[in-house]
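Here's the structure, in structure tokens; my notes come after.
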Amino acid sequence: MPINPDQQSQIDALRATPRQTLRAVSEGMEKHLYLAHEVLDHGFVRVVDYMGDDAAIVQAARVSYGAGTKATRDDAGLIRYLMRHWHSTPFEMCEVKLHVKLPIFVARQWIRHRTANVNEYSGRYSILDREFYIPAPEHLAAQSRKNHQGRDQVLEGEEAARVLALLKEDADRAYDHYEAMLSDEGQQGLARELARMNLPANIYTQWYWKTDLHNLFHFLRLRADSHAQYEIRVYADAICRIVADWVPHAYAAFEDYRMGGVQLSAKGVDVLQRRLRGETVTQESSGMSKGEWREFAVAWGEAE
Ligand SMILES: Cc1cc2nc3c(=O)[nH]c(=O)nc-3n(C[C@H](O)[C@H](O)[C@H](O)COP(=O)(O)OP(=O)(O)OC[C@H]3O[C@@H](n4cnc5c(N)ncnc54)[C@H](O)[C@@H]3O)c2cc1C
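Quick note on numbering: this note's numbering labels position 283 of the sequence shown as 286, and the sequence is numbered without any gaps.
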């Protein structure tokens, strides 16, 4: 269960007691504040706090005194300019603090993003819940033959059933042993910091994760991308939807230049210019490696 009734009532109580503030408020973000967006089978992501909005980015870029905006159109244009030219510091003026519940193997990928502040639930102090990520059948896929880091067709029939049963059995057995080692009935009871070491990587953990908008965009570009593992991508997708409501102009610029845009090398520019002049350019005459050439072809929709 991502959120239990007690946790939900705490969230409801927070949302039922709004207060007046002089601080910048993003109406889009207010509707997300505190609410848990469910991800995977037991996970969630929710906004605990935030600072700034689209206007704060513009304000910082202009180092202005007031709201810093002339017209919404000007703001959007300036934000697009900043994004296009990699002027990142105005985006760092916005911050977000998230509470995330996620499987440990996802947390290991996530924690690689070092430009954030983290506080994780302590398995030394508390007993972890019996909650394990078990993929939905449509996400139980075979190893990709082409991509060592990817998956292929969905497992079917007997194999799918066997794999699911193994995942569930192993999780249950490990948790039963965890409880048996912790128990102080008729024994001393092993320390929590030691008993946890037999738990599998699909058990859920939780953390508070705070970052600024520039570094969040970097995280989202990498983790909301089709090359990222599905199990982290769904968290990134959920965060993308929140950010789109929080800072709509900045998110639109991010989608356009970072998610949907293509970065060209000097060789790439040269190939395009030669093609526009009518020349037929091959991988050999492009000066690009086979890998680069393949990615170049994918970028222009010439290959998949
Ligand atoms: C699809 C995919 C596959 C991956 N596969 C692997 C893998 O097989 N093995 C593996 O180990 N990792 C893997 N990673 C993780 C990846 O290499 C990065 O560690 C991760 O994406 C975090 O990126 P980052 O360092 O840019 O982010 P952050 O840590 O948030 O840093 C943001 C930026 O800040 C700067 N920065 C931060 N800290 C420092 C520092 N100490 N010194 C200098 N500059 C710094 C850098 O410019 C960096 O780009 C993978 C990531 C993805 C998205």
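Heads up, the beta-carbon is just placed ideally off N, CA and C, and yes, glycines get one too. Values in this document were obtained by computation on a predicted structure and should not be read as measured data.
The beta carbon of Val48 is closer than 7 Å to those of His40, Val42, Leu101, Val103, Tyr238, Ala241 and Ile242 in its chain, skipping five residues each way along the sequence. Annotation for Met54: the continuous beta strand (DSSP E) segment containing it runs Gly46 to Met54.
Within 7 Å of the C-beta of His151 there is not a single heavy atom belonging to ligand 1. Rounded to whole angstroms, the separation of the alpha carbons of Glu172 and Ala302 is 44 Å. The DSSP assignment places 207 to 215 as complete runs of the beta strand (DSSP E) inside the region 190 to 236, in order along the chain (cut-off: 3 residues).
Annotation for Glu188: no beta strand (DSSP E) segment contains it, and DSSP assigns it neither H nor E. Nearest neighbour of Ile6 by Cα position, chosen from Ala79, Ala27, Asp44 and Arg148, turns out to be Asp44.
Counting only residues of its own chain and dropping the five nearest sequence neighbours on each side, Arg111 has a CB closer than 8 Å to the CB of Ala204.
Annotation for Arg297: the continuous alpha helix (DSSP H) segment containing it runs Lys293 to Ala302. Setting aside the 5 residues that flank it on each side, Leu185 is surrounded in the same chain by Ile130, Gly192, Leu193, Arg195 and Ala198, each with a C-beta closer than 8 Å to its C-beta; the list follows chain order. Looking only at Ile206, Ser289, Gln232 and Pro93, the smallest Cα-Cα distance to Leu143 is reached by Gln232. At a Cβ-Cβ threshold of 8 Å, Ser29 and Asp56 count as neighbours. For Gln146, the secondary structure class from DSSP, reduced to helix, strand or coil, is strand.
In chain order, Ala306 place their CB closer than 8 Å to the CB of Ala300, counting only its own chain and leaving out the 5 sequence neighbours on each side.
Taking all protein chains shown into account, Pro21 has fewer than 16 neighbouring C-beta atoms within 10 Å of its C-beta and is therefore exposed.
Sequence-distant partners of Met32 (beyond 5 residues in either direction) whose C-beta falls short of 7 Å from its own C-beta, in its chain, are Val50, Tyr53, Asp248 and Trp249. One thing to note: Ile107 has its Cβ within 8 Å of the Cβ of Ile206.
Around Tyr181, the same chain offers Leu131, Ala198, Arg199, Asn201 and Leu202 as residues with beta carbons nearer than 8 Å, after the five sequence neighbours per side are excluded.
For His90, the shortest C-beta to heavy atom distance toward ligand 1 is 7 Å or greater. Distances taken from the Cβ of Arg236 to the heavy atoms of ligand 1 include none shorter than 7 Å.
Within the DSSP bridge table, the entry for Val42 names Gly46 as partners. Within its own chain, no residue has a Cβ closer than 7 Å to the Cβ of Val66 once the five positions on either side in sequence are excluded. Note on geometry: alpha-carbon atoms of Glu258 and Asp228 lie some 11 Å from one another.
Sixteen is the threshold: since fewer than 16 other Cβ atoms of the shown chains lie within 10 Å of the Cβ of Ile114, the residue is exposed.
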